[in-house]
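A.B. asks:
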Amino acid sequence: MTVFLPRTAVLTGVVAVAAAFALSACTTGPDASTGGEKNAATATTAEAFGGINALATAAKQEGTLHAIALPRDWANYGALIDGFKKKYGIKVEVENPSGASQDEISAVTSRTGQDNAPDVLDLGSSFAQSAAQDGLLAPYMAAGFADIPDVQRDSIGRWANDYGGYISFGCNAKRVHICPTSFKDLLQPQYKGQVALNGNPTKSGSAFGAVYAAALANGGSFEDIQPGVDFFAKLKKSGNFTSVESTPATVEKGKTPISIDWDYLNAGYTNEFKSKGLDWTVAVPSDGKFAQYYSQAINKDAPHPAAARLWQEYLYSPEGQNLRLKGYARPALMTAMKKAGRLDETAAAKLPKVSGTPSFPTETQQSNAKVVIAQSWGDAASG
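For reference, each letter of the sequence shown is one residue, going -22 to -1, 1 to 361 in mature numbering (1 follows the signal peptide of the UniProt record, and there is no 0).
(1) Taking the straight line between their C-alpha atoms, what separation do you get for ALA47 and THR180?
(2) Kindly provide the ranges of any beta strand (DSSP E) runs that are 3 or more residues long and lie completely inside the segment 240 to 280, ordered along the chain.
(3) So what does DSSP say about PRO309, is it helix, strand or coil?
(4) For THR42, name the three-state secondary structure that DSSP assigns.
(5) Just checking, does the segment 268 to 276 make contact with the segment 187 to 201 on the three C-beta pairs under 8 Å criterion?
(6) Can the beta-carbon of PRO75 be found less than 9 Å from the beta-carbon of ALA85?
(7) According to the neighbour-count rule (16 or more other Cβ atoms, all chains shown, within 10 Å of its Cβ), is GLN168 buried or exposed?
(8) With respect to the beta strand (DSSP E) encompassing ILE145, which residues constitute its N-terminal and C-terminal limits?
(9) So TRP52 packs on SER273, CB below 8 Å; how close in whole Å?
(10) Roughly how far, in whole angstroms, is the beta-carbon of SER337 from the beta-carbon of PRO263, given that I think they are within contact range, below 8 Å?
(11) Is ALA261 near PHE147, with beta carbons less than 9 Å apart?
(12) How would you label GLN353, buried or exposed, when you count the other beta carbons within 10 angstroms and need 16 or more for buried?
(13) Could you pull the start and end residues of the beta strand (DSSP E) that GLY102 belongs to?
(14) For ALA19, which three-state DSSP category applies?
(15) In whole angstroms, what separates the C-alpha of ASP357 from that of ILE351?
(16) Alpha carbons only, please: which of ILE126, THR259 and ARG320 is nearest the one belonging to VAL154?
(17) Going by the beta-carbon positions, is the gap between GLU223 and GLY171 smaller than 9 Å?
(18) Taking all protein chains shown into account, do 16 or more other C-beta atoms lie within 10 angstroms of the C-beta of TRP355, making it buried, or fewer, making it exposed?
(19) Excluding the 5 residues flanking SER237 on each side, which residues of the same chain have their C-beta closer than 7 Å to its C-beta?
(20) Using the DSSP secondary-structure output, state which residues sit across from PRO174 in a beta bridge.
(21) So ASP279 and GLY91 are supposed to be a Cβ contact under 8 Å. How far apart are they, rounded?
(22) Counting along the chain, where does the beta strand (DSSP E) carrying VAL189 start and finish?
(23) Going by the CB atoms, is the gap between LEU213 and LEU256 shorter than 9 Å?
(24) Whole angstroms are fine: how far does the CA of GLY135 sit from the CA of ALA19?
(25) Okay, do the segment 38 to 47 and the segment 297 to 314 touch, 3+ Cβ pairs below 8 Å being the bar?
(26) Classify GLY334: buried if its beta carbon has 16 or more other beta carbons within 10 angstroms, exposed otherwise.
(27) Reducing DSSP to helix, strand and coil, say where VAL70 ends up.
(28) Just grab the DSSP bridge partners of SER199 for me.
(29) Does the segment 119 to 128 touch the segment 245 to 253, meaning 3 or more C-beta pairs lie closer than 8 Å?
(30) Taking 9 Å as the cut-off, decide whether the C-beta atoms of SER104 and GLU341 are in contact.
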């Protein structure tokens, strides 16, 4: 990915907050998972709990990590889950792997205090910010937190970006004569019934990003996502946009030969589809470059709080971040790891090429965009 340079950071406030939380974590009563004096549910760093080894011991006593909406073929989650299990001997349960960000949040709010509530969340950034505002997330700063650019993390660690990419067009070149390279191309009559999203933008971070990208391609901005909604309404009216949500299975069956999705997902499908006789090409649209990250967060009422925090440590470790890279996702710590000589350069060289430096919508801009989507997407998608 284009190198992300952190803004000049004044970390005094972050350190002070972390210290306050760490102090409170050290003065809590006995914790059932450790038999000691420190409570994993209030620890905001591994150090506040006694170090990574103490955290790992407590997590092993809990024995399980409960996650939701983590497909094995999404940003290399299969390798990450297997690596975590192998390293720490902790069972990882993944519920509803094909779920969306809103499904994760709904599971948290509907299962407060229940043993089957999610421990950890992988959310589109706008959904992570909303969850933090609603008081659903626990502050926690994994190792490397300070090296994540300021704009990609919450100041007190309720969420932090982990991996990301660009909205792209995946295209089955054996079914589509000329694959599109711009949003303008998608309106051509030759693509009738062929263009799909990976989900609904009111629930899915990738689909939300697709609408934002379409807005940028059609005179909109981070302040104005409506042109993106209007574009998909026009695409639907033309007959080119299908309501079938794109998955590897729908691509294989020929139902969604053009899929608008994150580039790391589309790129990751290339080898898989090749073995099945599909010629899958990937292009970042020339007229609508939109980059976004997915954020990690911990349910404040996680039933396995130590395992939840250990999972964060693993994801943000060099091992975890390089596994993201091997799945064509751009890790949030990519710049810091490259500087430290810990980046997998071979994997980095395989990323889809993109020119220019990406910018990101602010929390307020994303919140406002979500309101617009919620109010207008139904009519746009119905045609």
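We treat Cβ as the ideally placed atom computed from N, Cα and C, and that holds for glycine.
C.D. replies: Judging by the given coordinates:
(1) If I take the Cα positions, the gap works out to 16 Å.
(2) Complete beta strand (DSSP E) runs here, min 3: 258 to 261 and 269 to 276.
(3) Note: PRO309 maps to strand in three-state DSSP.
(4) In the displayed model, THR42 falls within a strand according to three-state DSSP.
(5) Judged by Cβ distances under 8 Å, the segment 268 to 276 makes contact with the segment 187 to 201, as three or more pairs qualify.
(6) At the C-beta level, PRO75 and ALA85 stay beyond 9 Å of one another.
(7) It is exposed - the Cβ of GLN168 has fewer than 16 other Cβ atoms within 10 Å.
(8) Note, ILE145: beta strand (DSSP E), 138 to 150.
(9) Distance from TRP52 to SER273 at the Cβ level is roughly 14 Å; contact not present, criterion being Cβ atoms closer than 8 Å.
(10) No, SER337 and PRO263 are not in contact; Cβ-Cβ is about 16 Å, not under 8 Å.
(11) By the CB criterion at 9 Å, ALA261 and PHE147 fall inside the cutoff.
(12) Counting other Cβ atoms within 10 Å of its Cβ, GLN353 stays below 16 and is therefore classed as exposed.
(13) Element bounds for GLY102: 98 to 102.
(14) For ALA19, the secondary structure class from DSSP, reduced to helix, strand or coil, is helix.
(15) Cα-Cα distance, rounded: 10 Å.
(16) The shortest Cα separation from VAL154 among ILE126, THR259 and ARG320 belongs to THR259.
(17) Not closer than 9 Å, so no.
(18) Buried: at least 16 other Cβ atoms inside 10 Å.
(19) The residues are GLY148, ALA174, ASN176, SER224, VAL229 and ASN244.
(20) Residue identity differs from the one stated: residue 174 is Ala in this sequence, not Pro. The partner list for ALA174 (beta bridge, DSSP) reads SER237.
(21) That pair is a contact at about 6 Å.
(22) Unbroken run through VAL189 is the alpha helix (DSSP H), 183 to 195; no beta strand (DSSP E).
(23) No, these two residues do not count as a Cβ contact at 9 Å.
(24) Put simply, the backbone Cα of ALA19 is about 14 Å away from that of GLY135.
(25) They do not touch, by the three-pair rule.
(26) Label assigned to GLY334: exposed.
(27) Note: VAL70 maps to strand in three-state DSSP.
(28) SER199 is bridged to ASP202.
(29) By the Cβ rule, the segment 245 to 253 does not count as touching the segment 119 to 128, because fewer than three pairs are nearer than 8 Å.
(30) At a Cβ-Cβ threshold of 9 Å, SER104 and GLU341 count as neighbours.
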